[in-house]
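Have a look at the structure below before the remarks.
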Ligand SMILES: [Mn+2]
Ligand SMILES: [Mn+2]
Ligand SMILES: [Mn+2]
Ligand SMILES: [Mn+2]
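Chains as they are written, first to last, in our numbering: chain A, 33 to 463; chain B, 33 to 463.
Structure, rendered in structure tokens:
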């Protein structure tokens with residue numbers, strides 16, 4: 033007899049074997065594709081190391097017997113066909129790109145973990161009814177083109193994403209289309225829209241990820257079941273003054289764009305703290321001044337600001353406060369605002385009930401304690417939520433560190449995460 | 033009969049011909065050796081464009097019949113021999129390196145102007161008693177190795193300059209010695225100390241320069257005679273926090289090094305304004321944050337700060353204030369100070385009386401109004417003052433702009449400046 037997850041009762045589930053050692057080996061190998069030395073990982077969209085990582089993921093998918101396809105912008109799918117191929121599939125995946133000087137688990141666990149979850153189900157001869165697809169999304173991180181989740185936004189046909197991608201250029205003035213072509217996606221321009229998916233493609237989507245926060249580790253709980261993803265917004269702001277010689281230009285005659293930038297960075301912090309909620313966060317992650325010489329009064333400042341909250345209205349109030357501060361600082365310092373761009377201002381997403389339920393049951397059936405939680409980081413699942421019910425499974429990570437080289441999750445915790453994912457997928461694919 | 037400047041009275045002096053059009057042509061040609069597009073000029077020590085500029089200067093010197101020599105670090109001298117070669121020479125020159133995105137007059141006028149002044153004296157068959165040397169100093173700007181006036185510091189054997197040069201590395205970890213070698217200075221390491229000069233080499237040094245301030249233009253005065261050069265100091269400060277994910281790391285758990293940097297930049301401004309004197313200036317010209325990704329809490333900040341004053345004690349008080357602020361900010365924000373380096377903290381320099389007198393007389397004899405003034409920018413003359421009496425001649429520049437692409441001095445003003453320089457040199461070489 034089979035249980036609701038399609039796995040034989042009284043044995044198979046308990047002995048579901050996840051090869052944690054192999055998974056760790058693969059994570060380590062993938063970390064080698066980096067633009068910066070170990071232990072840092074830097075893997076930027078469409079660069080040679082990103083292409084190498086993609087090749088590696090496709091190889092693992094093929095070795096797992098999955099049929100591999102790529103869409104026009106490089107989202108990668110490894111499909112384990114179901115007994116009823118006409119049914120919407122169950123998807124699971126994440127990203128393998130990494131911001132500069134980051135670590136090796138963010139995103140990677142969700143891609144390699146999905147493949148290993150499929151392998152674990154194959155080992156117990158599980159036969160999915162709905163197809164199960166392992167997914168690697170193109171550029172979850174905003175590093176190269178200034179906004180994140182390119183792949184999942186395209187899948188969800190979010191906003192003006194295709195027009196935005198066609199118009200996007202990186203800091204070196206390389207267009208998205210040129211960059212994609214250089215990575216082997218030759219028909220990206222003509223076929224861009226074909227990356228968009230309808231609501232009939234997936235019946236559910238599940239993303240396994242390190243928590244990127246300290247709660248699970250602190251409380252000693254191995255599994256987080258995500259009930260909602262916080263609402264992210266990001267801004268680009270530019271100030272311009274007149275610059276001049278640091279010795280000769282007297283203080284009353286200056287309009288120092290660098291100091292305007294410094295003030296705005298501090299204003300971001302003030303507005304966030306003024307929200308009064310620990311759930312509001314704001315960061316000036318980029319602050320560049322130009323020309324950047326010790327003896328030159330800064331003529332330009334360029335900021336990139338990230339604001340998130342689980343409460344969309346509260347987040348929008350912070351964004352409005354930042355705009356007001358930019359204006360008052362510009363006025364006070366007699367600099368011009370050359371740019372105030374809301375790059376994205378997305379709503380939060382709630383997890384699908386059936387996915388939360390499946391994940392909870394999976395953890396329970398494995399005897400693993402779990403915690404219902406909010407994801408403060410955003411993920412491709414935020415956009416997948418627009419075309420299918422989604423859910424996320426978190427595993428603890430060292431001190432909550434992420435986006436740093438000492439980002440770490442133990443093999444034991446990752447193994448438990450993949451076990452929960454496997455059972456969740458088996459249940460969703462059987463429903 | 034000859035006047036005190038050695039030029040025939042009653043004719044030659046009034047008709048002293050300075051070829052301003054040619055000078056402008058040369059300035060324009062030199063501006064073409066730039067790492068960034070016109071109208072910006074970027075010419076960094078020992079790069080191919082710096083080497084090209086050096087070649088150009090040496091060619092002009094040779095064409096003027098000067099005997100050209102270079103020292104171990106690339107200070108360039110073009111000597112017009114005097115009738116008594118045993119006497120200390122009169123030097124005149126400046127620099128041709130340019131900070132990123134700068135203009136084409138800063139420094140360049142003083143190098144090409146010195147050569148043209150010699151040519152003007154040659155045209156009237158002036159015969160110097162003391163040799164007159166046109167000088168191009170190596171790296172007045174601090175761009176590459178973080179401190180300026182490398183060439184003149186070496187000539188003056190200032191502080192631990194030779195040890196510092198041997199130990200210096202640029203931002204790409206290229207050592208000063210390697211960089212100099214790549215520019216053709218093969219024996220730089222062995223012969224470094226030979227760049228140092230004694231007090232017997234020059235009897236006087238004069239530098240022609242654009243004002244880099246607005247006063248001459250505002251008051252409609254064509255010539256500034258500099259009586260003192262302000263005291264410069266520069267600092268490097270580094271902060272380090274723990275970084276983390278911009279979405280997941282809650283505000284109370286952060287120690288954002290970028291915000292510490294922003295606060296210190298604003299504190300620099302506060303300390304400077306608190307001096308109460310318009311003569312105190314302070315600039316955070318470099319503020320870099322790391323890793324510099326929109327979704328990453330800054331882990332490191334690196335600042336370069338410039339403080340100057342004509343009053344050394346008042347300047348030192350500002351430097352002390354910045355140090356205290358760095359410490360209190362680090363404590364408050366729980367970040368570490370990884371670096372607090374006083375790169376240089378030089379005393380001001382007074383011009384030599386005989387040079388001020390010669391320049392005043394030169395202006396008067398040409399019927400040009402002049403103004404006694406302070407140089408707030410520092411120059412190689414600040415260090416030449418340690419081995420010889422020095423002076424500077426300023427010409428007006430557009431709105432006082434400098435270190436920007438719209439830096440500008442008119443041919444008419446530059447021509448007058450070179451005329452005053454020529455007469456000053458003739459007088460000093462005859463004394
Ligand atoms: Mn990430
Ligand atoms: Mn991620
Ligand atoms: Mn300069
Ligand atoms: Mn200069």
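Beta carbons are placed, not taken as given, at the ideal position from N, Cα and C, and that holds for glycine.
This one's a predicted model, so the numbers in the text were calculated from it and none came from an experiment.
Leaving out five residues before and five after residue i in sequence, what residues of the same chain have Cβ atoms less than 6 Å from its Cβ?
i, result
"residue 377 (chain B)", "265"
"residue 42 (chain A)", "For residue 42 (chain A), the pLDDT reaches just 39, beneath the cut-off of 50, and the residue's location in the model is therefore unreliable, although a value from the coordinates is still provided. Here the set comprises nothing."
"residue 401 (chain B)", "253"
"residue 215 (chain B)", "78 and 83"
"residue 463 (chain B)", "none"
"residue 193 (chain B)", "185 and 186"
"residue 200 (chain B)", "177 and 208"
What does a CB cutoff of less than 7 Å around residue i pick up in its chain, not counting 5 residues either side in sequence?
i, result
"residue 272 (chain B)", "289, 331, 332, 367, 368 and 370"
"residue 209 (chain A)", "198, 220 and 221"
"residue 142 (chain A)", "125, 126, 239, 240 and 241"
Mind checking which residues open and close the alpha helix (DSSP H) that includes residue i?
i, result
"residue 177 (chain B)", "Element bounds for residue 177 (chain B): n/a, residue is neither H nor E."
"residue 142 (chain A)", "140-155"
"residue 185 (chain A)", "182-187"
With residue i as the anchor, note down where its beta strand (DSSP E) starts and where it stops.
i, result
"residue 194 (chain B)", "No beta strand (DSSP E) contains residue 194 (chain B), which is instead part of the alpha helix (DSSP H) from 193-199."
"residue 130 (chain B)", "130-134"
"residue 169 (chain A)", "164-169"
"residue 159 (chain A)", "Per DSSP, residue 159 (chain A) belongs to no beta strand (DSSP E) and is neither H nor E."
"residue 121 (chain B)", "121-127"
"residue 206 (chain A)", "Note, residue 206 (chain A): premise wrong, no beta strand (DSSP E); not H, not E."
"residue 374 (chain A)", "368-377"
Are the CB atoms of residue i and residue j nearer to each other than 9 Å?
i, j, result
"residue 335 (chain B)", "residue 431 (chain B)", "no"
"residue 146 (chain A)", "residue 453 (chain A)", "yes"
"residue 420 (chain A)", "residue 123 (chain A)", "yes"
"residue 338 (chain B)", "residue 313 (chain B)", "yes"
"residue 435 (chain A)", "residue 135 (chain A)", "yes"
"residue 236 (chain A)", "residue 387 (chain A)", "yes"
"residue 132 (chain A)", "residue 91 (chain A)", "no"
"residue 446 (chain A)", "residue 137 (chain A)", "yes"
"residue 109 (chain B)", "residue 165 (chain B)", "yes"
"residue 228 (chain A)", "residue 278 (chain A)", "no"
"residue 175 (chain B)", "residue 405 (chain B)", "no"
"residue 295 (chain B)", "residue 354 (chain B)", "no"
"residue 255 (chain A)", "residue 425 (chain A)", "yes"
"residue 129 (chain B)", "residue 76 (chain B)", "yes"
"residue 182 (chain A)", "residue 310 (chain B)", "no"
Please work out which residues of its chain come closer than 8 Å, Cβ to Cβ, to residue i, disregarding the five sequence neighbours upstream and downstream, and give them in chain order.
i, result
"residue 154 (chain A)", "96, 97 and 112"
"residue 351 (chain B)", "265, 267, 339, 374 and 377"
"residue 68 (chain B)", "74, 132 and 133"
"residue 460 (chain A)", "122, 162, 235, 236, 238, 386, 387 and 390"
Report task. Could you list the residues in the stretch 229-257 of chain A with a C-beta less than 7 Å from some C-beta on chain B, going in chain order? Result -> 244 and 245
Requested in this report: Counting only runs of 3+ residues fully inside the stretch 214-298 of chain A, write out the beta strand (DSSP E) ranges in chain order.
Outcome: Counting only runs of at least 3 residues, the stretch 214-298 of chain A fully encloses the following beta strand (DSSP E) elements, listed from N- to C-terminal order: 234-242, 255-261 and 263-272.
**Report entry** Short-range partners of chain B found in the stretch 400-426 of chain A, where Cβ spacing is below 9 Å
**Finding:** 407, 408, 409 and 410
Requested in this report: Could you list the residues in the stretch 129-144 of chain B with a C-beta less than 7 Å from some C-beta on chain A, going in chain order?
Outcome: Within the stretch 129-144 of chain B, those residues whose Cβ lies closer than 7 Å to any Cβ of chain A are, in chain order, 131, 132 and 133.
Requested in this report: Output, in sequence order along the chain, the residues in the stretch 314-332 of chain A whose CB is closer than 9 Å to any CB in chain B.
Outcome: 314, 315, 316, 317, 318, 319, 320, 321, 322, 323, 324, 325, 326, 327, 328, 329, 330 and 331
**Report entry** Uninterrupted alpha helix (DSSP H) stretches inside the stretch 380-461 of chain A (no shorter than 4 residues)
**Finding:** With a minimum length of 4 residues, the continuous alpha helix (DSSP H) runs that stay inside the stretch 380-461 of chain A are 385-397 and 412-416.
Query raised in the report: What residues in the stretch 289-302 of chain A bring their beta carbon closer than 8 Å to a beta carbon of chain B?
Result: 290, 291, 293, 294, 295, 297, 298 and 301
**Report entry** In chain order, each beta strand (DSSP E) run of at least 3 residues that lies wholly inside the stretch 295-344 of chain B
**Finding:** 313-322 and 332-341
Query - Where the stretch 112-125 of chain A meets chain B: residues whose CB sits under 8 Å from a CB there - result: none
Requested in this report: Would you mind listing the alpha helix (DSSP H) stretches within the stretch 62-117 of chain B that are 4+ residues and don't spill past its ends, in chain order?
Outcome: 80-95
Requested in this report: Check distances from the C-beta atoms of the stretch 338-371 of chain B to those of chain A and list, in chain order, the residues that come in under 8 Å.
Outcome: Residues of the stretch 338-371 of chain B with a Cβ closer than 8 Å to any Cβ of chain A, in chain order: 338 and 340.
Requested in this report: Return the residues of the stretch 73-96 of chain B that lie within a Cβ-Cβ distance of less than 7 Å from chain A, sorted by chain order.
Outcome: none
Report task. Pull out every residue of the stretch 175-198 of chain A whose Cβ sits closer than 8 Å to any Cβ of chain B, in chain order. Result -> Correct list: 175, 178 and 180.
Query raised in the report: Which residues, in chain order, does the stretch 427-457 of chain B contribute to contact with chain A at a C-beta distance below 7 Å?
Result: 432, 433, 434, 435 and 436
Query raised in the report: Name the residues in the stretch 274-287 of chain B whose C-beta lies less than 9 Å from a C-beta of chain A; which are they?
Result: Taking 9 Å as the upper bound on Cβ-Cβ separation, chain A lies near residues 274, 275, 276, 277, 278, 279, 280, 281, 282, 283, 284, 285 and 286 of the stretch 274-287 of chain B.
Query raised in the report: Listed from N- to C-terminal order along the chain, which residues in the stretch 377-391 of chain B have their beta-carbon within a distance smaller than 9 Å of any beta-carbon of chain A?
Result: none
Query raised in the report: Of the residues that make up the stretch 260-272 of chain B, which ones have a beta carbon closer than 7 Å to any beta carbon in chain A?
Result: 262, 264 and 266
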